[in-house]
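Student: The opening position of the sequence shown corresponds to residue 4 in this note's numbering, with each subsequent residue numbered one higher.
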Amino acid sequence: MNTQNVNVKTATPESPKTWAENQSSTALTGNISSDDFFAPSTAGLLDNLLAQYKFMRARLYSISNVISDIESQKGISYFLRGNYNSSRGYHVPPVCKLFDISGALAALNAEYWQSALDLTDVYEYMPNDRRTEWNKQITEMDTPDFEDDTVWANLSELLFSKEKFFSERVGGIFRSLSGEHITNRPEGFSKRMIINRVYDEYGYVSYERSGYIDDLRKVIAKFMGRDPEGSRNTDKLLKVARERSGTWLTVDGGALRLKAFLKGTLHLEIHQDMAWRLNDILAFLYPAAIPAQHRQKPATKIKCLIC
Numbered sequence: 004m005n006t007q008n009v010n011v012k013t014a015t016p017e018s019p020k021t022w023a024e025n026q027s028s029t030a031l032t033g034n035i036s037s038d039d040f041f042a043p044s045t046a047g048l049l050d051n052l053l054a055q056y057k058f059m060r061a062r063l064y065s066i067s068n069v070i071s072d073i074e075s076q077k078g079i080s081y082f083l084r085g086n087y088n089s090s091r092g093y094h095v096p097p098v099c100k101l102f103d104i105s106g107a108l109a110a111l112n113a114e115y116w117q118s119a120l121d122l123t124d125v126y127e128y129m130p131n132d133r134r135t136e137w138n139k140q141i142t143e144m145d146t147p148d149f150e151d152d153t154v155w156a157n158l159s160e161l162l163f164s165k166e167k168f169f170s171e172r173v174g175g176i177f178r179s180l181s182g183e184h185i186t187n188r189p190e191g192f193s194k195r196m197i198i199n200r201v202y203d204e205y206g207y208v209s210y211e212r213s214g215y216i217d218d219l220r221k222v223i224a225k226f227m228g229r230d231p232e233g234s235r236n237t238d239k240l241l242k243v244a245r246e247r248s249g250t251w252l253t254v255d256g257g258a259l260r261l262k263a264f265l266k267g268t269l270h271l272e273i274h275q276d277m278a279w280r281l282n283d284i285l286a287f288l289y290p291a292a293i294p295a296q297h298r299q300k301p302a303t304k305i306k307c308l309i310c
């Protein structure tokens, strides 16, 4: 956790480019950054993963075909009855249900999609809402078949959406702000913000909610020209904040301060140079919602927050 004062770099006051203008100029060049492609090593690992999936899928069908025979099911039922400790009080489903091919394939697909996402860095680029959606699909085993075309199409789309994810991050952060506190302004980001339910009733970090704070830190890191830190670092930071409830913690070179409260809320204070940049991106997403004065660089130089 960095608590050292660092001056936030800003554009020159003459003609600072907005995020939307930068997006337009990038689109006009038609260039795609080389890091948007699959690295050879990653492509090879994905090919191996697809081969393993096909092998295991075939094995599952073979097992299912054997088990589908009535006599086989009857024989297996003896194994279950003879080796199952009935004193536990658990009900053992019928053999045909235990070896249902659809359930096995759902588990197989979910496991291999998780492995594929772990092979790339798309999780780090995904905004919190998308990560939550993917995690839900994997946990509920509601993923599509792990077939070649589907895998390459989905992962390619995710990798080519990094810039889009950046703006989605900002939108997700804004939507996560508490609507119950007047500190949060409906017209955009302000210096102080409040997020509810960051901690549960027992004081543990809500990892779904903490993802928004992690997204905010990643956006700030990009503004400051820094490499973003992993989500685990943010989780550790939030645990420290909870242990020091009611005390401001200054992080990310003075660009962000946060204070946890026992009721589970987290108060955030961002540098004003960060606030107008966030509103600039928010205006790109919701053009009619953000007043012009909230998405312009402050006229006076803002001092860095005191650590």
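Quick reminder that beta carbons are idealized off the backbone N, C-alpha and C, glycines included.
(1) Here's the rule I'm using: 16 or more other beta-carbon atoms within 10 Å means buried, otherwise exposed. How should residue 65 be labelled?
(2) Within 10 angstroms of the Cβ of residue 82, are there 16 or more other Cβ atoms? Answer buried if so, exposed if not.
(3) Use the C-beta contact count for residue 54: other C-beta atoms within 10 angstroms, 16 or more gives buried, fewer gives exposed.
(4) Under 6 Å Cβ to Cβ from residue 241, same chain only, skipping five residues before and after it: list those, please.
(5) In the DSSP assignment, what residue or residues form a beta bridge with residue 263?
(6) Please list, in chain order, all residues of the same chain as residue 134 whose beta carbon is under 7 Å from its beta carbon, the five residues on each side excluded.
(7) Assuming residue 259 contacts residue 223 under a Cβ cut-off of 8 Å, what Cβ separation, rounded to an integer in Å, is found between them?
(8) Give the single residue among 229, 48 and 210 whose Cα lies nearest to the Cα of residue 235.
(9) Between residue 71 and residue 230, what straight-line distance do the alpha-carbon atoms span, to the nearest angstrom?
(10) What residues are listed by DSSP as bridge partners for residue 202?
(11) How is residue 290 classed by DSSP in three states: helix, strand or coil?
(12) On a CA-only basis, which of 129, 56 and 228 is nearest residue 107? Give me that one, please.
(13) Could you pull out every residue in the same chain whose Cβ sits closer than 7 Å to the Cβ of residue 305, ignoring the five residues on either side in sequence?
(14) Is DSSP giving residue 257 helix, strand or coil here?
(15) Count the other CB atoms, across all protein chains shown, that sit within 10 Å of the CB of residue 131; report buried if there are 16 or more and exposed otherwise.
(16) Going by DSSP, name the residue or residues bridged to residue 3.
Tutor: So, from the listed chains and residues:
(1) exposed
(2) exposed
(3) exposed
(4) 208 and 213
(5) 269
(6) 126 and 214
(7) 6 Å
(8) 210
(9) 54 Å
(10) 208
(11) coil
(12) 56
(13) Only weak support is given to the placement of residue 305: the predicted model assigns it a pLDDT of 45, under 50, and the question is left unresolved by the model.
(14) helix
(15) buried
(16) A question about residue 3 goes unanswered here, because the residues of the chain that appear run from 4 up to 310.
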